[in-house]
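The next block holds one structure in the form of structure tokens; read it before the comments.
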Amino acid sequence: MPVSRRALGVVLAGLLLACGLVPGAAPPEADPPHWFRVQPAALPPTQNVLNPGRGFYTSNVDLFHPNEDVYRAVRQQGYTLAYPYETWLPKDRELSQQELTKLQQGFDLVRRHGFKLILRFRYSEAGDAEWSRITRHLEQLLPLIQANADVIAVMQAGFLGRWGEWHCWQATGPCHDGAAEKKYVLDALLAALANAGYDDLPVAVRYPPDKARYLGDLDFPDYDHVPPPPEPVDGFVESAGVRARIAHLNDCFLSSATDVGTYPDQPPERLEEWRAFTYAENAYLVFGGETCEAEDADDPQRSRGPRALAEIERSHLDYLNDDYHPQMLARWRQDGVYDQVKARMGYRLVVEEAAWTEARAGEAWAFRLNLRNDGFSRLKRRYDVVLVLQQGDRTVERPLGFDLRTVAAGETETFIQQGLGGLEPGTWRLGVAVRDPAPELARRAAYGIRFANDLDYDGVNWLGTLEVR
Numbered sequence: 016m017p018v019s020r021r022a023l024g025v026v027l028a029g030l031l032l033a034c035g036l037v038p039g040a041a042p043p044e045a046d047p048p049h050w051f052r053v054q055p056a057a058l059p060p061t062q063n064v065l066n067p068g069r070g071f072y073t074s075n076v077d078l079f080h081p082n083e084d085v086y087r088a089v090r091q092q093g094y095t096l097a098y099p100y101e102t103w104l105p106k107d108r109e110l111s112q113q114e115l116t117k118l119q120q121g122f123d124l125v126r127r128h129g130f131k132l133i134l135r136f137r138y139s140e141a142g143d144a145e146w147s148r149i150t151r152h153l154e155q156l157l158p159l160i161q162a163n164a165d166v167i168a169v170m171q172a173g174f175l176g177r178w179g180e181w182h183c184w185q186a187t188g189p190c191h192d193g194a195a196e197k198k199y200v201l202d203a204l205l206a207a208l209a210n211a212g213y214d215d216l217p218v219a220v221r222y223p224p225d226k227a228r229y230l231g232d233l234d235f236p237d238y239d240h241v242p243p244p245p246e247p248v249d250g251f252v253e254s255a256g257v258r259a260r261i262a263h264l265n266d267c268f269l270s271s272a273t274d275v276g277t278y279p280d281q282p283p284e285r286l287e288e289w290r291a292f293t294y295a296e297n298a299y300l301v302f303g304g305e306t307c308e309a310e311d312a313d314d315p316q317r318s319r320g321p322r323a324l325a326e327i328e329r330s331h332l333d334y335l336n337d338d339y340h341p342q343m344l345a346r347w348r349q350d351g352v353y354d355q356v357k358a359r360m361g362y363r364l365v366v367e368e369a370a371w372t373e374a375r376a377g378e379a380w381a382f383r384l385n386l387r388n389d390g391f392s393r394l395k396r397r398y399d400v401v402l403v404l405q406q407g408d409r410t411v412e413r414p415l416g417f418d419l420r421t422v423a424a425g426e427t428e429t430f431i432q433q434g435l436g437g438l439e440p441g442t443w444r445l446g447v448a449v450r451d452p453a454p455e456l457a458r459r460a461a462y463g464i465r466f467a468n469d470l471d472y473d474g475v476n477w478l479g480t481l482e483v484r
């Protein structure tokens, strides 16, 4: 079974006591296993690695008007995420069958060309639609969302308010931002994803108080009772229930004291509590959005150079719009931090060392992987980790069961798998594949995770060779 460093000390102590041994006593006579070690070179720290679910995103794709050349260009231009900005819903009618077919064609092109979507359905910059129209569109779109959840990296709540951001400030048409309407949309999206087997795909909302109200932690318009941040324990997503299924997004990141209304307009100390609560949850839940002003008008230095970088790190930023706001992004280039932001958004897993014991035919051997996370955040969804061995045209795979979500930003963790075996004598090429759990994507290199090392990668991070005697 796989063992992480956190559990290893407890396990070893228990084994010593079970065998009648005491720490500090003379070791047993048996020879310790010999480990073969490799320490692959890390990539330069500002070299971006195209990995799923993280990084700057493009907003050029349109699901209602799928153009294969545009979709093909997404990865060619260095993106693994796209936000279909021009996919506006019609305000005056239900979706036609032709439009639903076009949407599916768009999803198919996303899958074909190896990227994922940040998906939000909305109506216009002026507002939304009549309530009966919104509920009908939800009814029409939920089956498409379920059928294509494998290529949705982030599901944003949408449907309500201007730009689908759940606010009606300066709206000039029909607009809905009430708690009952927000609950209806969240209930529908969360249930649809859970019923499709994607209860680990959270739905993101713009305003932290909206999440607190939905969970019963806050009564409108009370902003004084900020929910406590989650306890930083492994398995947060599994143990926190619906709380872990609602993530945060910020479409005015670093753009004012309240990030242009993302946080409630409160005294500084209360405002900081809301920000601290959100950032603590972001350590476990996917987080991103865009900037919306050239700089923070209240504190211009907050969005510049080292201070911007420090808050990006604190916020555990996973994804950000590469098109907006252009002046903010230009200042990051000027300040020399843009490339670091690009390379470190989300997770950045570096192999510090991989090792394996001597292997003999018919006998068990062990594999060890030491990973460091240089990203701003961690891997937010579970991926399947597989040991891959090749000899000629024969391939043998051994599931490792490592949960790479446990490698937090700035930390290092060691994973160990004992009891491997079943190999014939000879030389085997050895590597690790980190695969998307969706069956249609699992064997696609574009959807696998590449370590930030100078290694051959074709869906497998190739580490070295194993000699089986």
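Note that the sequence shown covers residues 16 to 484 in this note's numbering. All C-beta atoms in this analysis are idealised placements derived from N, C-alpha and C, irrespective of residue type, glycine included.
Per DSSP, what kind of secondary structure is residue 292 in: helix, strand or coil? helix
Should residue 300 go down as buried or exposed, given a rule of 16 or more other Cβ atoms within 10 Å for buried? buried
List the whole-angstrom C-beta distance separating residue 376 from residue 483, where the pair is believed to meet the contact cut-off of C-beta under 8 Å. 6 Å
Residue 37, DSSP secondary structure in three states: With a pLDDT of 42 at residue 37, under the threshold of 50, the modelled position of that residue is not reliable, and the figure given next carries that caveat. The DSSP-derived three-state label of residue 37 is coil.
Those residues which DSSP pairs with residue 382 across a bridge: 371 and 432
Mind the definition here: the stretch 195 to 204 touches the stretch 106 to 115 only if three or more C-beta pairs lie below 8 Å; say whether that holds. no
With a 10 Å radius around its C-beta and 16 neighbouring C-beta atoms as the bar for buried, classify residue 187 as buried or exposed. Its Cβ having fewer than 16 others within 10 Å, residue 187 is exposed.
Can you tell me whether residue 38 is buried or exposed? The criterion is at least 16 other CB atoms within 10 Å of its CB, across all chains shown. Low confidence applies here, because residue 38 scores a pLDDT of 42, under 50, leaving its location unreliable; read the following figure in that light. Under a 10 Å Cβ-count criterion, residue 38 is classified as exposed, with fewer than 16 other Cβ atoms of the shown protein chains found around its own Cβ.
Going by the beta-carbon positions, is the gap between residue 433 and residue 381 smaller than 9 Å? yes
With a threshold of 6 Å on Cβ separation, who are the neighbours of residue 385 within its own chain once the five nearest residues in sequence on each side are excluded? 367, 368 and 429
For residue 152, name the three-state secondary structure that DSSP assigns. helix
If you count every other CB in all the chains shown that lies within 10 Å of the CB of residue 469, and 16 or more means buried, which is it? exposed
Alpha carbon to alpha carbon, what distance is there between residue 168 and residue 218? In a straight line, the C-alpha of residue 218 is about 10 Å away from that of residue 168.
Residue closest to residue 344, alpha-carbon to alpha-carbon, out of 190, 72, 79 and 52: 72
Leaving aside the five residues before and after residue 138 along the sequence, list all residues of the same chain whose C-beta is less than 6 Å from its C-beta, in chain order. 104, 106 and 144
For residue 111, count neighbouring C-beta atoms within 10 Å of its own C-beta (all shown protein chains included) and say buried if the count is 16 or more, exposed if not. Residue environment for residue 111: exposed (fewer than 16 other C-beta atoms within 10 angstroms of its C-beta).
Counting beta carbon pairs with one atom in the stretch 394 to 409 and one in the stretch 439 to 449, are three or more of them shorter than 8 Å? yes
Which residues in the same chain as residue 53 place their Cβ atom closer than 6 Å to its Cβ, once the five residues preceding and following it in sequence are excluded? 369, 478 and 479
Identity of the residue in 402, 427 and 425 nearest residue 415 by Cα: 402
Based on the DSSP secondary-structure assignment, which residues constitute the bridge partners of residue 488? Nothing can be reported for residue 488: it is not among the residues displayed for the chain, which extend from 16 to 484.
By how many angstroms is the C-alpha of residue 318 removed from the C-alpha of residue 211? 40 Å
Of the residues 338, 295, 269 and 277, the one placed nearest residue 313, counting alpha carbons only: 269
If you follow the alpha helix (DSSP H) that residue 121 is part of, which residue opens it and which one closes it? 112 to 127
Just mark residue 47 as buried or exposed, buried being the case when its beta carbon has 16 or more other beta carbons within 10 Å. exposed
Residue 49 and residue 89 look like a contact to me (Cβ under 8 Å); what is the Cβ gap, rounded to whole Å? Not quite, the Cβ-Cβ distance comes to about 46 Å (not below 8 Å), so this is no contact.
Member of 275, 329 and 316 whose CA lies at the smallest distance from the CA of residue 292: 329
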